[in-house]
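Visitor: Let me give you the structure first, and then I'll get to my questions.
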Amino acid sequence: MTLDLIARVPAGPLAEKWDKHKFDVKLVNPANKRKYSVIVVGSGLAGASAAATFSELGYKVSCYCYQDSPRRAHSIAAQGGINAAKNYQNDGDSVQRLFYDTIKGGDFRAREANVYRLAQISVNIIDQCVAQGVPFAREYGGLLANRSFGGAQVSRTFYARGQTGQQLLLGAYQALEKEIAKGGVAMYPRAEMLDLIVVNGRARGIVVRDELTGTIEPHLADAVVLATGGYGNVFYLSTNAKGCNTTAIWRSYKRGAAFANPCYTQILPTCIPVHGDYQSKLTLMSESLRNDGRVWAPKRKEDVSKRSIEIGEADRDYFLERKYPAFGNLSPRDIASRAAKEVCDEGRGVGPGGRGVYLDFAEAIGRLGEDKIRERYGNLFEMYQRITDENPYEVPMRIYPAVHYTMGGLWVDYNLMSTIPGLHVAGEANFSDHGANRLGASALMQGLADGYFVLPYTIGDYLATAKLEPVTADAPEVRAAVADVDHRTKRLLGVQGKRTVASFHRELGRIMWEHCGMARNAEGLQEALALIPALREEFWRDVSVPGSGADLNQTLEHAGRVADFLELGELMCRDALHREESCGGHFRTEHQTPDGEALRNDEKFAYVAAWSHAGDDAPPVLTKEPLVFENIKLSQRSYK
Amino acid sequence: MSGMMNLTLRVWRQAGPDTVGQLTDYQARDVSPEMSFLEMLDVVNEGLIEEGEVPIAFDHDCREGICGSCGVMINGVAHGPVRGTATCQLHLRSFKDGDTIVVEPWRAAAFPVLKDLVVNRGAFDRIIQAGGYVSVATGGAQDGNLLPVPKMDAESAMDAASCIACGACVAACPNGSASLFTGAKIAHLGHLPQGQPERYRRALKMVAQMDIESFGGCTLFGECMEACPKSISIDVISRMNRDFLRASATAGDEREQVGDG
Chain X
1 MTLDLIARVP AGPLAEKWDK HKFDVKLVNP ANKRKYSVIV VGSGLAGASA AATFSELGYK
61 VSCYCYQDSP RRAHSIAAQG GINAAKNYQN DGDSVQRLFY DTIKGGDFRA REANVYRLAQ
121 ISVNIIDQCV AQGVPFAREY GGLLANRSFG GAQVSRTFYA RGQTGQQLLL GAYQALEKEI
181 AKGGVAMYPR AEMLDLIVVN GRARGIVVRD ELTGTIEPHL ADAVVLATGG YGNVFYLSTN
241 AKGCNTTAIW RSYKRGAAFA NPCYTQILPT CIPVHGDYQS KLTLMSESLR NDGRVWAPKR
301 KEDVSKRSIE IGEADRDYFL ERKYPAFGNL SPRDIASRAA KEVCDEGRGV GPGGRGVYLD
361 FAEAIGRLGE DKIRERYGNL FEMYQRITDE NPYEVPMRIY PAVHYTMGGL WVDYNLMSTI
421 PGLHVAGEAN FSDHGANRLG ASALMQGLAD GYFVLPYTIG DYLATAKLEP VTADAPEVRA
481 AVADVDHRTK RLLGVQGKRT VASFHRELGR IMWEHCGMAR NAEGLQEALA LIPALREEFW
541 RDVSVPGSGA DLNQTLEHAG RVADFLELGE LMCRDALHRE ESCGGHFRTE HQTPDGEALR
601 NDEKFAYVAA WSHAGDDAPP VLTKEPLVFE NIKLSQRSYK
Chain R
641 MSGMMNLTLR VWRQAGPDTV GQLTDYQARD VSPEMSFLEM LDVVNEGLIE EGEVPIAFDH
701 DCREGICGSC GVMINGVAHG PVRGTATCQL HLRSFKDGDT IVVEPWRAAA FPVLKDLVVN
761 RGAFDRIIQA GGYVSVATGG AQDGNLLPVP KMDAESAMDA ASCIACGACV AACPNGSASL
821 FTGAKIAHLG HLPQGQPERY RRALKMVAQM DIESFGGCTL FGECMEACPK SISIDVISRM
881 NRDFLRASAT AGDEREQVGD G
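For the protein sequence lines, the chains are X and R, in the order given. All residue numbers for the first sequence refer to the numbering used here, where the first residue is 1 and numbers rise by one. All residue numbers for the second sequence refer to the numbering used here, where the first residue is 641 and numbers rise by one.
Here it is in structure tokens:
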């Protein structure tokens, strides 16, 4: 059964939609707000900002995170910055330009109205964060500093050294703690959402496992917000934190929420290359490094084992500058990543396994001096040196692309509500703003836009218009959801097989990286679609989860997450297989231009692919939301 | 691969908050010097799971030194032998083949052990709740550039704001004091114009909460600064003390407000 996807985009001119919508939405009377309860799952930029703002408005909020403190959500690791169309640099930026850059960067696969709203709100986010005391970088005159970032020709990125995500998250976290102290938010750390509770077709709560006691309980509310981040860890090796997972959105998908564009994955070019089989994660270095670093590889294969300084200028191929003269080293992420892969595929990669290219600061250090480079990137250079034992002030860094962000996520309408009424989705967990590729410094912008400025309006509209009956813990739907989680947990503990959870996760990651990674084709995807179900079957037959479910059991937590990744991976491959075109991060080798660039097929694929669950034994059902571009002209993305 | 190492780990195992713990020996065989300390624990844990044993519990998440989840005592030193480095960013190249390494949880009255190397750091969140914020609600903020902040003030604020709340300062302190953590937040906000309206009230309330949480007093040993993975300077403690003293001495009204807050 296909879905009735109604995007609820307001009528009227693009620039007026959001203002008009804010006026049209129903409001909840201030005295009534405290009668409504909202669950927020996740405490990153989107979750913490939403929970704090809901509480400020007067709603009764509960917030959940799997970490021991809401301040540790993975938004904290974002380094480079946050975009805003302030045009403080007088360099030609505007809301319209940020909107256009984001749509184009996403390879024309995002919804116009959502992206325009994001660009509009971007300016409010900076103001809000400054008021909270976020220590943004400043010029000597005391005004806010900016830098440029991949995919843009204006300087609109605000930053706090290489720790922008940390500082923005601490701003949101502190706002959240302020509301916890007031009693407006009940915070549940070390708590994992393991299922969604749907009653009479509406999201009315979640099933939560307390990680310390193992207690599995329902938590009920009038609306639920998922702000649980992306699913990049399906690849095992990614720049995500170890705990990042798909469980909240995947369980919601299985309860009826459509999953949009699952195959859109972003591979970030500037990561530290893999150095061994035991590797547990990949470390990203901010792509702001590409502002001053020049990317190159040896021209000749024979030179790859030489030391970098032994390779003369004439024997170096600055391949981004060569292929994309207009944007050069600042080409968008998908383009820069694929270019690095091609160079390595040609046998010109450097470092272990030939999977690396150089990112060289010698020219910038010569031009600006080491002190200036230290001021801009000091912490990144230190991090690189700590991990690799090489000094990037003296030798070029080695970098290679790694899975970083997932543009796909639960389908949402203009109000950020999923196909399950009452279930809202914010930040990386939804699909809404980045199309098939996200530009740098736009994830922080989207997370905070959703949490501070969009959901606080739209959730009120939902609560004011939905006719909600009281729900209690003994309702049959609630008891059934709790029983499902209980059963699943016991089942994981009961297999008592021989293989570790991590070994299954690694194997799944290899399959996904090989067949659904930076370049995909029908043959490989079909192979993955055979391998994944077989691996899943083996998992449920042979996984080993020692210990009990009645206390802190990190293996059990990991097992539940991997079980869900084993299902999600299949959907990603299915989506990648059906999308017979290349766009943004989705590169099908069968669909490329003669010079190897992504070749879209707008006639057939200018739509959002929304998949819905049709039962464990039936294939998922595809519904298409056509993308209508009324304000910009579709073109082949060119950064040349 | 050359240079593989064999290490003996002496790890604190404790089944739960109310049980007695003890040190247990494990062998980490054929581990690479390029591995991170936590990757080495992963390898040991996978071996334990394959034997059907319960693996060693430890907190970790980002593994890039910024989330503050991880942190253990390594041979009695918080986050181990390399300065300015969180446990996840420590690599085995800092150890020698054949070494015996003692791995314990943070030891502090305010951080009770939950399991093995995992402790409860909820007290840090409650210190922030007491006043580690600027009281502005979402919306209504003026344009960011209407409030110029001298570059040096912004840099000083950022130095303090880089705290990751891992708890190493508390674990390293002979008194189990949280002064570096608390001082860092007070300094972050106190260096900025946005933090001024609540500056003294904030100092009073956060220091009071520190005492409630059974952290020890600060006697300026400086061990905290040595252990801090972000190398936050002990100057933030002096600054906290100045703000606290000034608030205590001059702000009688403020104290009353704090009392009923």
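Ideal Cβ placement from N, Cα and C applies to all residues, glycine included. All figures in this text were calculated on a predicted structure; none of them were measured in a lab.
What are the complete beta strand (DSSP E) segments, minimum 3 residues, inside the segment 428–462 of chain X?
Guide: As far as the segment 428–462 of chain X is concerned, it has no whole beta strand (DSSP E) run of at least 3 residues.
Visitor: Hey, is residue 755 of chain R's beta-carbon within less than 7 Å of any beta-carbon in chain X?
Guide: Closer than 7 Å: yes.
Visitor: At what residue ranges does the segment 57–90 of chain X contain a whole run of the beta strand (DSSP E), taking only runs of 3 or more?
Guide: Counting only runs of 3 or more, we get 60–64.
Visitor: My parser needs the beta strand (DSSP E) runs of 3 or more residues fully inside the segment 214–264 of chain X; what are they?
Guide: Complete beta strand (DSSP E) runs here, min 3: 216–220, 223–226.
Visitor: Going by Cα to Cα distance, which pick from X:57, X:60, X:252, X:41 is closest to residue 66 of chain X?
Guide: Closest option to residue 66 of chain X, Cα to Cα, is X:41.
Visitor: How would you label residue 60 of chain X, buried or exposed, when you count the other beta carbons within 10 angstroms and need 16 or more for buried?
Guide: Residue 60 of chain X is buried by the Cβ-count criterion.
Visitor: Got a sec: which bits of the segment 758–782 of chain R sit with their beta carbon under 8 Å from any beta carbon on chain X, in order along the chain?
Guide: Residues passing the 8 Å Cβ filter: 758, 760, 761, 762, 764, 765, 768, 769, 770, 772, 773, 774, 775, 776, 777, 778, 779, 781, 782.
Visitor: From residue 199 of chain X to residue 209 of chain X, what does the alpha carbon distance come to, in whole angstroms?
Guide: Cα-Cα distance, rounded: 20 Å.
Visitor: Beta-carbon within less than 7 Å of residue 158 of chain X's beta-carbon, same chain only, minus the 5 sequence neighbours each way: which residues are those?
Guide: These residues qualify, in order along the chain: 81, 82, 84, 126, 136, 144, 146.
Visitor: Measure the C-alpha to C-alpha separation of residue 386 of chain X and residue 732 of chain R and round it to an integer number of angstroms.
Guide: Those two C-alpha atoms are separated by around 11 Å.
Visitor: Would you please state the rounded distance, in angstroms, between the beta carbons of residue 651 of chain X and residue 508 of chain X? I believe it to be under 8 Å.
Guide: Past the boundaries of the shown model lies residue 651 of chain X; chain X is included only from 1 to 640, so the question cannot be answered.
Visitor: Indicate the three-state DSSP secondary structure (helix, strand or coil) for residue 846 of chain R in the structure shown.
Guide: Looking at residue 846 of chain R - three-state DSSP - the assignment turns out to be helix.
Visitor: For residue 458 of chain X versus residue 521 of chain X, is the C-beta distance shorter than 7 Å?
Guide: In this structure, residue 521 of chain X does not lie closer than 7 Å to residue 458 of chain X by Cβ.
Visitor: What are the boundary residues of the alpha helix (DSSP H) that residue 294 of chain X is part of?
Guide: From DSSP, residue 294 of chain X is part of no alpha helix (DSSP H) but of the beta strand (DSSP E) over 294–298.
Visitor: Can you list the residues of chain R that residue 127 of chain X reaches, using a CB-CB cut of under 7 Å?
Guide: In chain order: 781, 782, 783, 784.
Visitor: Report the partner residues of residue 612 of chain X according to the DSSP bridge assignment.
Guide: Residue 612 of chain X is bridged to X:621.
Visitor: Relative to chain R, which residues along the segment 137–153 of chain X have a C-beta separation below 9 Å, given in chain order?
Guide: So the list reads 137, 138, 139, 140, 141, 142, 143, 144, 145, given in the order they occur along the chain.
Visitor: Which whole runs of the alpha helix (DSSP H) in the segment 281–369 of chain X are 4 residues long or more, in chain order?
Guide: Whole alpha helix (DSSP H) segments, 4+ residues: 319–323, 333–345, 362–368.
Visitor: Terminal residues of the continuous beta strand (DSSP E) containing residue 205 of chain X?
Guide: Unbroken beta strand (DSSP E) run through residue 205 of chain X: 202–210.
Visitor: Short check: CB of residue 113 of chain X to CB of residue 608 of chain X, under 7 Å?
Guide: No, the Cβ-Cβ distance between residue 113 of chain X and residue 608 of chain X is not below 7 Å.
Visitor: To the nearest angstrom, how far is it from the Cα of residue 655 of chain R to the Cα of residue 661 of chain R?
Guide: C-alpha separation (whole angstroms): 7 Å.
Visitor: Using a Cβ cut-off of 7 Å, pull out every chain C residue sitting near residue 555 of chain X, in sequence order please.
Guide: Looking at the structure shown, chain C is missing, and the protein chains on hand are X and R.
Visitor: Pairing CB atoms from the segment 747–760 of chain R with CB atoms from the segment 174–188 of chain X, are three or more of them under 8 Å?
Guide: With the cut-off at 8 Å, the segment 747–760 of chain R and the segment 174–188 of chain X do not touch.
Visitor: Near residue 648 of chain X, what residues of its chain come up, given a Cβ to Cβ distance below 7 Å and the 5 sequence neighbours on each side ignored?
Guide: Missing from the structure shown is residue 648 of chain X; chain X here goes from 1 to 640 and no further.
Visitor: What ranges does the alpha helix (DSSP H) occupy inside the segment 708–775 of chain R, keeping only unbroken runs of at least 4 residues that lie completely in it?
Guide: For the segment 708–775 of chain R, whole alpha helix (DSSP H) runs of length 4 or above, ordered along the chain, are 762–769.
Visitor: Can you find a CB in chain X that lies within less than 7 Å of the CB of residue 637 of chain R?
Guide: Past the boundaries of the shown model lies residue 637 of chain R; chain R is included only from 641 to 901, so the question cannot be answered.
Visitor: Taking the C-alpha atoms as reference points, what is the distance between residue 206 of chain X and residue 253 of chain X?
Guide: If you take the alpha carbons of residue 206 of chain X and residue 253 of chain X, they lie about 13 Å apart.
Visitor: Is any non-hydrogen atom of the ligand MN found closer than 6 Å to the C-beta of residue 788 of chain R, if you look at the structure I gave you?
Guide: Although the ligand MN was asked about, the structure shown includes no ligands whatsoever.
Visitor: Does any CB atom of chain R fall closer than 7 Å to the CB of residue 275 of chain X?
Guide: Taking Cβ atoms only, chain R reaches closer than 7 Å to residue 275 of chain X, which makes this a yes.
Visitor: Taking a contact to mean a Cβ-Cβ separation below 7 Å, would you say residue 235 of chain X touches residue 417 of chain X in this structure?
Guide: No.
Visitor: Determine whether the Cβ of residue 76 of chain X lies closer than 7 Å to any Cβ atom of chain R.
Guide: Answer yes: the Cβ-Cβ gap between residue 76 of chain X and chain R drops below 7 Å somewhere.
Visitor: Tell me, please, whether the CB atom of residue 286 of chain X is closer than 7 Å to any CB atom in chain R?
Guide: No - not a single Cβ of chain R is within 7 Å of the one on residue 286 of chain X.
Visitor: For residue 27 of chain X and residue 781 of chain R, what's the separation of their Cα atoms in angstroms?
Guide: Looking at the two C-alpha atoms, the distance is approximately 22 Å.
Visitor: With a threshold of 16 other CB atoms inside 10 Å of the CB of residue 54 of chain X, please say whether the residue is buried or exposed.
Guide: With 16 or more Cβ atoms within 10 Å of its Cβ, residue 54 of chain X is classed as buried.
Visitor: Here's a check: name, in chain order, each residue in its chain whose Cβ is nearer than 6 Å to the Cβ of residue 243 of chain X, leaving out the five neighbours to either side.
Guide: Here the set comprises 66.
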